[in-house]
Amino acid sequence: MTILLMLVGLVLLTAGAELLVRGASRLALAWGISPLVVGLTVVAFGTSAPEMAVSVQATLQAQSGIALGNVVGSNIFNVLFILGIASVIAPLAVSAQLVRLDVPLMVIISFALWGLALDDRIGVFDASIMFIGLLVYTAFLIRASRKEVAATGASTGAEVERVSVPKDLALVVGGLVLLVVGSQWLVEGAVAIARSIGVSDLVIGLTLIAAGTSLPELATSILATLRGQRDIAVGNVVGSNIFNILGILGVSGLVGGGIEVPHAATAFDIPVMTAVAVACLPIFFSGEEISRWEGFLFLGYYAAYTIYLILAATQHDALDVYSRVMLGFAVPLTVLTLLVIAINGIRHRHRRRRRQ
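All the letters of the sequence shown, read from the start, carry residue numbers -18 to 337 under this note's numbering.
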């Protein structure tokens, strides 16, 4: 029965993502908002609805490990797994706005979360600042996008007339409903399995729940990539990560009167999330594209992170050796790779400017 519940949830997630991408991308024309900003706001926030529901409920039930682990694990999953899969399917173009504004903001708020969590608690005041930050960010994006579309004439009156706003709104709402229901069923099955093998709330949040609630982003980004809507595919991930920290932790902290932060999260998982966000800067900067080999690199590091969590949760004998290999070989190699990517990106931009 548990496996059947998970499979039905997966089907609902796929259907919901299809409806959401179709409706949201068409609404961009009607509202005079660019597809990138739709990906950063409507689609990103909508597909993060399951994370919101899970984290708020977990906070109210005093399961802070699940609430925080869900957000941190989802952010890691979004970048390493979702962008990895999507860019393997087709290289993803990265807009200049993402490089200039949204990715640096994702890095900044990741560091900010790490700093706020060092006292092992995200208080109500911290949560209020996060939520206000989300409102300011969203308002800025929408206002800037409408000005840009109006200035460039990217959306004509004829295009707007062909959009059925009620129909497309219905698609978005219907897609969100399917996403939320499907994610809930999937997570219920996953938690039942995880509980049966006796792992902690934090590990459940970082792995099964994070991956389960991020399946809407996965399905949405893959479908957007296949449709050629690469701005939505990348913007969805970056926007979701920003929303997860500012919106989900903000609302959860306000509703639950604060969130207790497990020491293991500040010692390892939040630093990993921050490092993943930082790694986006040189990769996104290099040629304004996420190539297939960079996608495989993302997937490889997500596999390495997941293996570490499993070994740590089970206290496996191989944990010490694995940790030494990662710190002594994988981490230095990653730093070197990112430096090479950044240098190549600078050279690429310099050559392009000379040709212009």
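C-beta atoms are modelled at their ideal positions from N, C-alpha and C, and glycine is treated no differently.
Asked: Residues sharing a beta bridge with L262, DSSP; Found: None; L262 has no bridge partner.
Asked: Whole-angstrom C-beta distance between I103 and G234, which should lie under 8 Å; Found: 5 Å
Asked: Residue range of the unbroken alpha helix (DSSP H) whose run includes V306; Found: L300 to V306
Asked: Where V(-8) sits in the DSSP three-state scheme; Found: helix
Asked: Cβ-based burial, I(-16) [other Cβ within 10 Å; buried from 16]; Found: exposed
Asked: Beta-carbon separation (whole angstroms), A211 vs L73, contact threshold 8 Å; Found: Looking at the sequence shown, residue 211 is not Ala but Arg. That belief holds up - the Cβ atoms of R211 and L73 are roughly 5 Å apart, short of 8 Å.
Asked: Buried or exposed by the 16-neighbour rule on C-beta atoms within 10 Å, applied to V(-8); Found: exposed
Asked: Residue ranges of each alpha helix (DSSP H) within the region 23 to 93, 4 or longer; Found: 25 to 28, 30 to 41, 45 to 58 and 65 to 70
Asked: S126, buried or exposed, once every other Cβ within 10 Å from all chains shown has been counted against 16; Found: buried
Asked: The region 42 to 56 touching the region 69 to 83, judged by at least three CB pairs closer than 8 Å; Found: no
Asked: Beta-carbon proximity check, A48 vs A39, cutoff 7 Å; Found: yes
Asked: Alpha-carbon spacing of A43 relative to L115, whole angstroms; Found: 24 Å
Asked: Given S304 as reference, the closest of F249, W274 and R273 once Cα atoms are compared; Found: F249
Asked: Burial state of I264, where buried means 16 or more other Cβ atoms lie within 10 Å; Found: buried
Asked: Residue from V(-11), S177, A30 and S109 with nearest C-alpha to V236; Found: S109
Asked: Sub-7 Å separation of V257 and I57 beta-carbons; Found: yes
Asked: Continuous alpha helix (DSSP H) stretch holding A284: start and end; Found: R273 to T295
Asked: Sub-7 Å separation of N217 and E32 beta-carbons; Found: no
Asked: I103 - partner residues in DSSP beta bridges; Found: I240
Asked: Rounded C-alpha distance that separates L41 from A293; Found: 27 Å
Asked: Nearest residue (CA-CA) to L8, options V(-11), V23 and I271; Found: V23
Asked: Spatial distance of R124 from R176 (CA atoms); Found: 46 Å
Asked: For A246, the first and last residue of its enclosing alpha helix (DSSP H); Found: Careful: A246 lies outside any alpha helix (DSSP H) and carries neither H nor E.
Asked: Nearest candidate by alpha-carbon position, reference E241, set D182, A214, D298 and E198; Found: D182
Asked: Reference A25; option with closest CA among P313, G228 and S221; Found: S221
Asked: Any 3 or more C-beta pairs closer than 8 Å across the region 284 to 300 and the region 86 to 95; Found: no
Asked: Residue burial classification, F266 (beta-carbon count within 10 angstroms, cutoff 16); Found: buried
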